[in-house]
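Numbering (our numbering), first residue to last: 164 to 545.
Structure record follows, encoded as structure tokens.
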């Protein structure tokens with residue numbers, strides 16, 4: 164089941180955004196084969212979420228015979244995903260042109276930080292660096308405190324893996340009218356920049372400053388921020404619209420008339436101080452109870468441990484447990500082709516024999532490849 168049932172994906176094993184993209188496709192029902200390295204067979208791993216719901220074949224890509232194995236898999240695939248620096252796949256004999264000779268309809272998804280070209284294309288980097296040059300990192304933080312690190316949500320996952328998934332699906336749609344695949348060049352710097360579009364628009368109109376923590380949506384206002392409670396926890400307010408602001412003030416026991424002219428930036432610091440004083444008089448749970456049923460754009464700030472137990476998530480079944488790891492369930496949801504339940508992360512090389520047999524390799528040839536170390540298989544029951 165799932166809207167992508169029948170779609171075949173070959174994922175060249177990597178870390179971060181590429182595997183996240185493959186997980187998104189697998190969650191939606193695609194059949195994903197992950198190509199791991201023989202050296203990883205039998206080695207423990209902890210990225211369970213980014214390996215779930217697919218099979219694994221271990222192949223030595225540096226061996227020409229290993230490249231031939233992957234090309235055989237490509238012949239029957241719809242999509243290939245890789246996340247090496249530009250030129251690496253070409254040097255391995257697995258570049259787009261070689262793959263498309265075997266399969267003209269292949270959608271070749273490339274995931275990099277800086278992109279396939281440009282002066283930084285070959286430079287090392289991580290999420291924080293890609294986010295830094297977009298302007299987003301400088302915009303997140305408090306005045307005088309330096310940029311706040313937004314986890315790896317902006318470049319790795321939102322602007323990287325998710326953007327690649329969108330690009331792959333768009334290329335598959337285009338293939339429907341041409342029968343031809345294409346290369347999808349998904350650069351985290353491009354995707355992260357795309358996510359910041361609204362803020363560039365606000366800045367152009369004079370509605371956004373480059374000083375972090377001084378704007379409507381970055382914690383600058385008193386009605387869109389987090390506040391510490393009596394027990395050292397936090398709550399969040401996002402009361403942008405007037406009706407939500409009124410409900411917020413009334414629930415806090417404050418007179419809405421004292422908070423007129425919400426757009427007057429000179430009043431924000433004083434009003435923040437007043438609200439902070441009130442919020443510190445009760446615990447987080449007491450505020451949860453006070454705002455229950457009130458439309459004031461309120462929510463408690465939960466930890467990763469607490470979030471899956473929130474009644475709303477529990478009611479929707481938004482989290483599952485696999486391999487002893489609590490993790491988000493597949494999303495979004497579909498009424499006609501619901502996503503399949505995720506399956507545990509595959510051990511590297513767990514399905515080597517099965518995958519090669521499915522690709523048409525005779526049993527004798529599979530054993531030859533295993534003996535030569537071109538491919539590797541996880542021990543039974545390992």
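For every residue, glycine included, the Cβ atom is placed at its ideal position computed from N, Cα and C.
Predicted, not measured: the structure shown is a model, and the values here were computed from it.
Could you give the first and the last residue of the continuous beta strand (DSSP E) run that contains residue i?
| i | result |
| --- | --- |
| residue 244 | 242-245 |
| residue 490 | 488-491 |
| residue 514 | It is not in any beta strand (DSSP E) - residue 514 carries neither H nor E in the DSSP assignment. |
| residue 157 | Because the chain is modelled from 164 through 545, residue 157 falls outside the range shown and cannot be assessed. |
| residue 422 | That residue, residue 422, is in no beta strand (DSSP E); it is neither H nor E in DSSP. |
With DSSP as the reference, identify every bridge partner of residue i, one or two as the case may be.
| i | result |
| --- | --- |
| residue 377 | Residue 377 is not bridged to any residue. |
| residue 467 | In the DSSP output, where bridge partners are listed per residue, residue 467 has none listed. |
| residue 273 | 245, 348 |
| residue 310 | 304 |
| residue 198 | 175, 220 |
| residue 388 | 400 |
| residue 477 | Looking at the DSSP assignment, residue 477 forms no beta bridge with any residue, so it has no partner. |
| residue 206 | In DSSP, residue 206 forms no bridge with anything. |
Could you give the DSSP three-state label for residue i: helix, strand or coil?
| i | result |
| --- | --- |
| residue 171 | strand |
| residue 229 | helix |
| residue 483 | strand |
| residue 237 | helix |
| residue 509 | coil |
| residue 284 | coil |
| residue 539 | strand |
| residue 498 | coil |
| residue 529 | helix |
| residue 320 | helix |
| residue 160 | As shown, the chain starts at 164 and ends at 545. That puts residue 160 outside it, with no answer to give. |
| residue 503 | coil |
| residue 433 | helix |
| residue 522 | coil |
Whose C-alpha, out of the options, is nearest the C-alpha of residue i?
| i | options | result |
| --- | --- | --- |
| residue 491 | 499, 498, 505 | 505 |
| residue 371 | 301, 524, 452, 188 | 301 |
| residue 407 | 460, 287, 433 | 460 |
| residue 284 | 255, 348, 438, 306 | 348 |
| residue 436 | 422, 447, 192 | 422 |
| residue 210 | 179, 500, 192, 449 | 179 |
| residue 438 | 215, 393, 241, 360 | 393 |
| residue 239 | 267, 208, 417 | 267 |
| residue 402 | 430, 458, 446, 368 | 458 |
| residue 432 | 171, 377, 451 | 377 |
| residue 277 | 246, 262, 230, 502 | 246 |
| residue 507 | 182, 500, 488 | 488 |
| residue 386 | 373, 353, 430 | 430 |
| residue 537 | 323, 222, 400 | 222 |
| residue 291 | 282, 271, 319, 275 | 319 |
| residue 441 | 424, 467, 413 | 413 |
| residue 366 | 354, 353, 380 | 380 |
| residue 390 | 446, 183, 205, 344 | 446 |
| residue 530 | 228, 397, 523, 516 | 516 |
| residue 192 | 453, 456, 501, 542 | 501 |
| residue 383 | 411, 305, 456, 249 | 305 |
Within the present structure, is the beta-carbon of residue i separated from the nearest heavy atom of the ligand SAH by less than 7 Å?
| i | result |
| --- | --- |
| residue 524 | What this structure holds is no ligand at all, so the ligand SAH is not there to describe. |
Looking at chain D, is there any beta carbon in it that lies within less than 8 Å of the beta carbon of residue i?
| i | result |
| --- | --- |
| residue 530 | The chain inventory of the structure shown lacks chain D, comprising one protein chain alone. |
Which first and last residues belong to the alpha helix (DSSP H) in which residue i is found?
| i | result |
| --- | --- |
| residue 187 | 180-190 |
| residue 364 | 360-367 |
| residue 262 | 259-265 |
| residue 164 | That residue, residue 164, is in no alpha helix (DSSP H); it is neither H nor E in DSSP. |
| residue 405 | 405-415 |
| residue 291 | 290-295 |
| residue 254 | 251-254 |
* Residue ranges of each beta strand (DSSP E) within the stretch 437-464, 3 or longer -> 461-463
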